[in-house]
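Protein chains in written order, with this note's numbering: chain A, 2 to 299; chain B, -16 to 263; chain C, 557 to 997. A short write-up of the structure that comes next.
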Amino acid sequence: MKKRTYRNPVGVSRFTGLLLISPFIAGFLIFTLYPFVCSFVLGLTDYNGNTTPEFTGFENYINLIKSEDFRNAVKVTLKYAVILVPAKLIFSLFTAVILSLEIKGMGFFRTAFYIPSILGANLSVVIMWQYLFTSKGLVNQFLELIGASPVSWYGSPDKAIFIIILLRLWEFGSTMIIFLTSLKNIPKELYDAAKVDGCGSIRAFFSITLPQLRGVIFVNLILQIISAFQEFNAPYMITSGGPLKSTYTLGMLIYDEMFRYNEIGAANAVSWLLFMIIAAAVAVMYIVSGWIKRRDEK
Amino acid sequence: MIKYLKKRIIAYIFLISVSAVMLYPLLWLLGASFKSNEEIFSSVGIIPKSFDFSVFKAAWQTVTPYTMGHYFLNTFKIILPKTVFAVISSVLVAYGFSRFDFPFKKLFKALLLTSMLMPSIVTIMPMFLMWSKMQLLDTYIPLTIPALFAAEGMFVFILIRFFDAVPKEFDEAARIDGCGSLKTLVFILVPSIKPAIISIAVFTFLWTMNDFLNPLIMIQSVEKYPLSLALRLSVDSTGQSYEQRKIIALSVIGLIPSITVFAIAQKKFVGGIATGGLTG
Amino acid sequence: MKTKIFKAAVCLCALSLSACGKKQNSITMPDGKLDKCSLRFSWWGGDDRHEATLEAIKLWNTLHPEIEIIPEYGGWDGWTEKAASQIAGNTEPDIMQINYDWLVSLSPEGDGFYDLSLLSDNSEHHAFLDLSGFDEETLSFGIRRGNLNAVTVSLSGRGLFYNSDVYEIVGAEYPETWDELLALGEKFGKKNLYPLDLDIQSGGTAWYLAVVYVQQKTGKEFITMNGELGFTQEDIKEALDFYKRLEDNHVIRTISARTDEDGNAALYESPEFIGGNVAGVLEWGSSVGKYESVLDENVLEAGPFLTGENGSSGGWMVKPSMLYAISKNTSHPDEAAAFMNFLLNNEECAVILGTSRGIPASSYAENALEKSGRLSGLAKENDDLLEQLDTVTISPYMELSRMKEICNTAIESVSYGTSDTASAAKQMYEEINAYLERVRK
């Protein structure tokens, strides 16, 4: 048996690990790398599925950056992510902190909060959302009940995006559960010590809880950013991108170019741009979190 | 003490109002499946004036030659193998990452992360082509086989965290007793990461249940439609006498499987995540 | 060298075989015999069409038990996308119900579907597809670049249908001229009702009615059969102005109000239509059934086609509401042709299918329906009214998804007031020209 510099148990070859992860390697090649490379290659062509792809260099990219639709989609996607991600994280964290107060009926609340998040953009949920937000829907009926004036949701270019943001906020449960778990793992002694020092609960939150949760906040942040930028299902099913393209995300642009207009070249170029935007956002988060971590440790 | 009580009360008011917002729409939907068109748009209450299950019966029959039961069965034909595949492959891969050292380990771990950044809508077209060249369209293979290759990077990440939380001494003790790598995994490690495995199985179930685009493109004959496509087909088609509650009844039917599975697994599922693993 | 690597890469990724420089699979030629096989048949539609078609397939099975038909069907939403990806991947069904514009988008060179002349007119052996029940013009709709790609199932045009109960309550007559339509708004507005509905969703009826108005006035075609823009920028502006007047006169809901009330639901699922707040719809004769069935029996009635003050009645449009095509990749062309022939011409089958796909274009099927007494209802009334008019045939280019999107976007911006009709018309004129140039080549 070989024993090199690989730190493995006695009698285990360095290939055992490779063998174990081989499904991932194969899957990565077939289901990620292959479509990824294809997407790049096709993004350089003018191709509609029936004809021979023509090499056009970066023309698709140039046309996109010039096009009104693409710029609008970037704006919409950014607006969506910038509102949704912090709102969802803060709300989840806040609720988790309250739930961690050793409250009676905690099991019930936990389940109640979690249920919506298992439903995704399931057709049933989409239909339900329709009954909630149309002008005579449940939300406006409630507003009338408490004496407020009804709100135009679907038809207003300013508010339509909030129908989708509210759906995703409603599904905050899984994010909250992750916070709740980490909250429970914070050693009690830290809080006790703070109390002795005369520290109030709000200060304790900022000086103990937040730094302790830094890692899990970062993980949640990254997961939320990735899924917010890729949003397609909800606007596709709920608003079709309207009105006035105010909910027309990059995900919808990709779908339309690919399947509705058969512009496979352009669709793949958008995909790549979206991928780069996501990667850039994640990289920025990495840098910022590293910077915060270093500052905290000083 | 009074301050403490005040804090409690505020906390309860908050929690109760949030759970009302969470659950009310779902309960309303259930109630609305028994309401007439006018009742739906005139009252915010949950309880309908009368209960009439005939809409559910009609919705169950569907417009196709098959009942909803047939489509439920189809969905399970996808979910069952997919779940088994996802669990086995993710556990193996996560075990490899967590317990072994091997060439290019860092690179592969980075690839695992990048694979999660790729917009999934991009991969559908090349995948469709690949399956069509293999003549495997209109089978459940394109929907299930990717799970065999640990296609969900997220699952592997969750499992790695769980594995890392189990002390390495456990493995060493097993090895001294003469267990090989696989035996150690199956008999020592798997029992201690059971909650994570259940979570993955439940996630696979829920995500497959909600998936619409993949089956739409890969499955062609109505006979093989999973529930999500059958629901869409029924909602799109209009019956002879149109009633809102018919569509609502269909939505309720569409929500039942996810909520049932969650209810059954919820103790292990939510509680499971809560007992260990997913810490930052 | 670089291009070679690139070509290899494209070949590995692209969907069509032609990308690899290989010739397309040569098509299977007919041999004049019916063999045992199974065929896939796909269509979109609503309940009534699904049920009737499945029933027809049952009848086929008793006649030809050796040829099994596997049905693939669903609603219209997403169907084009699905079909396009199937054809790109060469996995399309043997027989397909296709939409008019697919001839342009999926068979740009005329070779995207099987050449049906091989199956209808063959000197060497028996041909299974009988086209003698179709007139020359009807057949011409299925010809793309000289090849008979598809056969028209039915011809259809959009007509106006009204909720007779509501019109009675308001005390209004169905409008006969454009001015009468515009005047209706006031009467209905007093009761907070609307005499008509127009949409900018997949139907795109808002732009459709505006086009009819300008076509009737000017005698021009919006887009010609060859895919040239027939309207001037001024014509487009006039169409948008007309639409805006409909909104301003309370004839139709604004887009914003409409979206608020219906969300993303289709009009026939909307409480506003079912409840009678919106009392009219512009719809194809072949698919008005879904609007009819949500109201009480005989409530929905066909109204007159609007004319100008001077009595001009042109400008209304017709098109093949759907066509049948056979896959170029089928390995059973004879059997597919026989089944298609059954769907188009068989008398028993025609009676089963009824008007679920509109009034059949085949005279055999139409006569069979006539005899059975099933040739009645709104679809028939609409058809009869249209026949008395001097109609314009819709260009398949007008039906393309991107074209609809351009028109809907312009209407939407005019409705929300984000641009005036002049600048919306200018932008639309430029975009349509650029797009047509791209797809015509």
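C-beta atoms are modelled at their ideal positions from N, C-alpha and C, and glycine is treated no differently.
Extent of the continuous alpha helix (DSSP H) to which residue i belongs
i: I(-4) of chain B; result: -15 to 15
i: I908 of chain C; result: 903 to 909
i: E839 of chain C; result: That residue, E839 of chain C, is in no alpha helix (DSSP H); its beta strand (DSSP E) goes 836 to 840.
i: M129 of chain A; result: 124 to 134
i: P236 of chain A; result: 234 to 239
i: V220 of chain A; result: 215 to 230
i: G136 of chain B; result: 136 to 148
Beta-carbon spacing of residue i, residue j below 8 Å
i: L251 of chain A; j: V75 of chain A; result: yes
i: P751 of chain C; j: A858 of chain C; result: no
i: Y670 of chain C; j: S883 of chain C; result: yes
i: F146 of chain B; j: S72 of chain B; result: no
i: V850 of chain C; j: Y824 of chain C; result: yes
i: V770 of chain C; j: F787 of chain C; result: yes
i: A77 of chain B; j: L142 of chain B; result: yes
i: G841 of chain C; j: L934 of chain C; result: yes
i: D816 of chain C; j: S153 of chain A; result: yes
i: F898 of chain C; j: W599 of chain C; result: no
i: A706 of chain C; j: L659 of chain C; result: yes
i: V205 of chain B; j: E628 of chain C; result: yes
i: P24 of chain A; j: L75 of chain B; result: yes
i: G832 of chain C; j: D721 of chain C; result: yes
i: G62 of chain B; j: F188 of chain B; result: One detail in the question is off: residue 62 of chain B reads as Ile in this sequence, not Gly. Contact flag set, yes.
i: S211 of chain B; j: L124 of chain A; result: yes
Rounded distance between the beta-carbons of residue j and residue i, thought under 8 Å
i: L595 of chain C; j: I626 of chain C; result: 7 Å
i: S118 of chain A; j: E172 of chain A; result: 4 Å
i: I811 of chain C; j: A612 of chain C; result: The Cβ separation is near 40 Å, so there is no contact.
i: S115 of chain B; j: N646 of chain C; result: 7 Å
i: Y256 of chain A; j: Y237 of chain A; result: 7 Å
i: I915 of chain C; j: K936 of chain C; result: 6 Å
Separation of residue j from residue i, as counted between CA atoms
i: A644 of chain C; j: F697 of chain C; result: 23 Å
i: A728 of chain C; j: K743 of chain C; result: 8 Å
i: T135 of chain A; j: S228 of chain A; result: 26 Å
i: E693 of chain C; j: T708 of chain C; result: 10 Å
i: T243 of chain B; j: L21 of chain A; result: 34 Å
i: S101 of chain A; j: L(-12) of chain B; result: 16 Å
i: K189 of chain A; j: P240 of chain B; result: 40 Å
i: Y249 of chain A; j: V77 of chain A; result: 7 Å
i: T774 of chain C; j: T947 of chain C; result: 14 Å
i: S928 of chain C; j: L672 of chain C; result: 30 Å
i: P621 of chain C; j: K614 of chain C; result: 10 Å
i: Y155 of chain A; j: T863 of chain C; result: 35 Å
i: I84 of chain A; j: I179 of chain A; result: 21 Å
i: F68 of chain B; j: V185 of chain B; result: 13 Å
i: P649 of chain C; j: L90 of chain B; result: 44 Å
i: F562 of chain C; j: V220 of chain A; result: 39 Å
i: E891 of chain C; j: N885 of chain C; result: 13 Å
i: T221 of chain B; j: W632 of chain C; result: Interpretation of T221 of chain B is limited by its pLDDT of 49, a score under 50 that renders its predicted location unreliable; no figure is taken from the coordinates.
i: Y35 of chain A; j: L956 of chain C; result: 32 Å
i: M954 of chain C; j: G783 of chain C; result: 8 Å
i: D198 of chain A; j: R204 of chain A; result: 11 Å
i: F276 of chain A; j: D194 of chain B; result: 22 Å
i: Y991 of chain C; j: L785 of chain C; result: 10 Å
i: G845 of chain C; j: G715 of chain C; result: 13 Å
i: P8 of chain B; j: G745 of chain C; result: 34 Å
i: S19 of chain B; j: S918 of chain C; result: 43 Å
Limits of the unbroken beta strand (DSSP E) element including residue i
i: L19 of chain A; result: Per DSSP, L19 of chain A belongs to no beta strand (DSSP E); it is in the alpha helix (DSSP H), 15 to 28.
i: W600 of chain C; result: 593 to 600
i: E853 of chain C; result: It is not in any beta strand (DSSP E) - E853 of chain C carries neither H nor E in the DSSP assignment.
i: V27 of chain B; result: Per DSSP, V27 of chain B belongs to no beta strand (DSSP E) and is neither H nor E.
Residue-chain proximity (residue i, chain F), Cβ-Cβ < 8 Å
i: G79 of chain B; result: Looking for chain F here will not work: the only protein chains present are A, B and C.
Which runs of the beta strand (DSSP E), 3 residues or longer, sit entirely within the stretch 690 to 740 of chain C?
706 to 712, 714 to 719
Considering only residues of the stretch 653 to 683 of chain C, which uninterrupted alpha helix (DSSP H) runs meet the minimum length of 4 residues and lie entirely inside it, listed in chain order?
658 to 661, 673 to 676
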